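Taking this note's numbering, the leading residue of the sequence shown gets 2, the next gets one more, and so forth.
By construction, the Cβ of each residue, glycine as well, lies at the ideal position given by its N, Cα and C atoms.
Fair warning: this is a prediction, and the values are worked out from it, not measured in the lab.
For reference, the structure discussed in these notes is given below.
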Amino acid sequence: MKYFDCHCDTLTRLANEGGNLRKNQINLDLERIGNQFSGYGQIFALWTDVKSIKGSLEEDFMKMYRKALALIEEQKEEITLCKSADDLENAWREGKKAAFLSVEDASYMGAAIENAKELGIRFVLPVWNYENEYGYGAAADNKKGLKPAGIELIQKLEEQEIVIDVSHLSEGGFYDVCEKTKRPFMASHSNARSYCDNVRNLTDDQIRILIQKEGFMGLNLYREFLGDDSCSLEQILFHAEHVLELGGEKILGFGSDFDGCGDTFPHGITGTESMEKIVELFLRHNYSEDLVKDIFYRNAEQFLKRVL
């Protein structure tokens with residue numbers, strides 16, 4: 002079994018707090034991933050709360066970007082930076098883990114957004130939770146859409162063949178992306194709002210659009226987006242079942258949000274070492290091995306082949 006995770010904040014935390022990707026005390030490290038999967042891919046988000054930056058956003062971003070590259074390079078015998086679906090396949094063929102880079106809040110890059118592809122950034126979220134020059138986060142105003150600069154941004158991202166990630170984006174912004182773009186897009190770490198009524202989760206209509214456009218939806222393990230404080234492991238399954246009922250068996254995967262949600266996971270989940278429990282959960286509930294493989298890696302792999 003392979004595993005592909007479409008969102009974590011591990012490199013951001015390590016860049017800010019120190020430590021390494023090989024072994025650390027946070028949610029994700031290569032040692033704990035170990036050999037539990039025959040292939041492993043991870044989209045690492047680079048993020049900061051831009052309101053906290055007093056100087057140049059671009060300079061702060063480039064500093065974090067260089068630290069992220071160094072953290073991957075330190076473990077080059079085990080993990081490699083990928084920029085395409087072919088790179089992913091090559092990494093797995095060589096027995097290495099695969100790393101991709103995303104930026105969570107395009108405003109963080111400043112003018113560097115013009116060179117995102119050259120920097121190896123393959124996924125961009127236009128906004129984080131709040132309003133920026135491009136649009137509105139779901140926590141800011143869920144009905145407002147992209148601003149003119151946001152429309153220009155997503156068009157530039159498409160020209161660079163960078164994947165647009167609509168997690169955190171307002172509903173209005175989601176529909177603007179849907180209307181103004183031609184390529185498939187993703188919601189890397191969002192759940193089903195019909196099951197957990199949180200603005201960060203997707204409505205049934207949004208999920209159907211992702212299905213229609215052959216996009217991707219990653220299940221988020223953050224307890225607040227799964228259910229209440231008594232969240233059990235099974236609630237992951239309930240969100241998955243809802244997406245499957247809508248016809249999403251070929252777009253559904255995982256975007257764990259490890260190292261991005263303060264260790265508030267379902268009971269029994271502590272980090273990457275727990276993913277085998279979720280595999281067992283799906284199999285125990287009579288999901289076919291083929292469907293489990295689709296959800297845990299093949300859907301993400303096929304999505305990357307469509308967009309990268």
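Spatially closest choice to residue i from the options, by CA coordinates
i      : options                           : result
Leu70  : Ser195, Lys183, Leu120 and Leu222 : Leu120
Glu60  : Ala113, Asn36 and Leu72           : Ala113
Asn143 : Thr13, Glu235, Gln43 and Val128   : Val128
Asp264 : Glu281, Thr11, Met2 and Gln236    : Thr11
Arg299 : Gly269, Leu253 and Gly136         : Leu253
Ile208 : Lys181, Lys183, Ala241 and Glu160 : Ala241
Val293 : Leu245, Cys262 and Ser171         : Leu245
Leu170 : Glu132, Met218, Leu309 and Ile296 : Glu132
Ser231 : Gly269, Asp206 and Asn91          : Gly269
Cys262 : Met2, Ile27, Gly19 and Asn17      : Ile27
Lys98  : His243, Glu160, Lys77 and Ser289  : Lys77
Gly20  : Arg94, Lys52, His286 and Leu72    : Leu72
Gln161 : Val280, Glu153 and Met218         : Glu153
Glu18  : Arg285, Ile279, Lys68 and Gly96   : Lys68
Gly96  : Tyr41, Glu75 and Phe45            : Tyr41
Proximity below 8 Å, CB of residue i to CB of residue j
i      : j      : result
Asp6   : Ser257 : yes
Arg23  : Leu29  : no
Asn130 : Ala140 : yes
Ala107 : Thr81  : no
Ile374 : Leu211 : Because the chain spans 2 through 309 in this model, residue 374 falls outside it and cannot be assessed.
Leu222 : Phe266 : yes
Met276 : Tyr4   : yes
Cys9   : Asp260 : yes
Lys181 : Ile155 : yes
Met63  : Ala16  : no
Met2   : Ser53  : no
Gly111 : Leu58  : yes
Gly248 : Met218 : no
Lys278 : Leu309 : no
Neighbour-count burial assignment, residue i, 16 or more Cβ in a 10 Å radius
i      : result
Leu126 : buried
Arg201 : buried
Arg123 : buried
Gln43  : buried
Ser191 : buried
Pro149 : exposed
Asn25  : buried
Asp50  : exposed
Asp206 : exposed
Gly56  : exposed
Ser189 : buried
Gly174 : buried
Asp166 : buried
Asp291 : exposed
Glu172 : buried
Distance between beta carbons of residue j and residue i, contact taken as under 8 Å
i      : j      : result
Leu47  : Leu102 : 6 Å
Arg14  : Thr273 : Rounded, the Cβ-Cβ distance is 14 Å, inconsistent with contact.
Pro185 : Gly216 : 5 Å
Gly146 : Tyr135 : Actually they are not in contact, since the Cβ atoms of Gly146 and Tyr135 sit about 10 Å apart, beyond 8 Å.
Phe255 : Phe297 : 7 Å
Give a yes or no on contact between the region 192-201 and the region 226-235, applying the rule of three or more CB pairs nearer than 8 Å.
yes
Okay, do the region 301-308 and the region 81-99 touch, 3+ Cβ pairs below 8 Å being the bar?
yes
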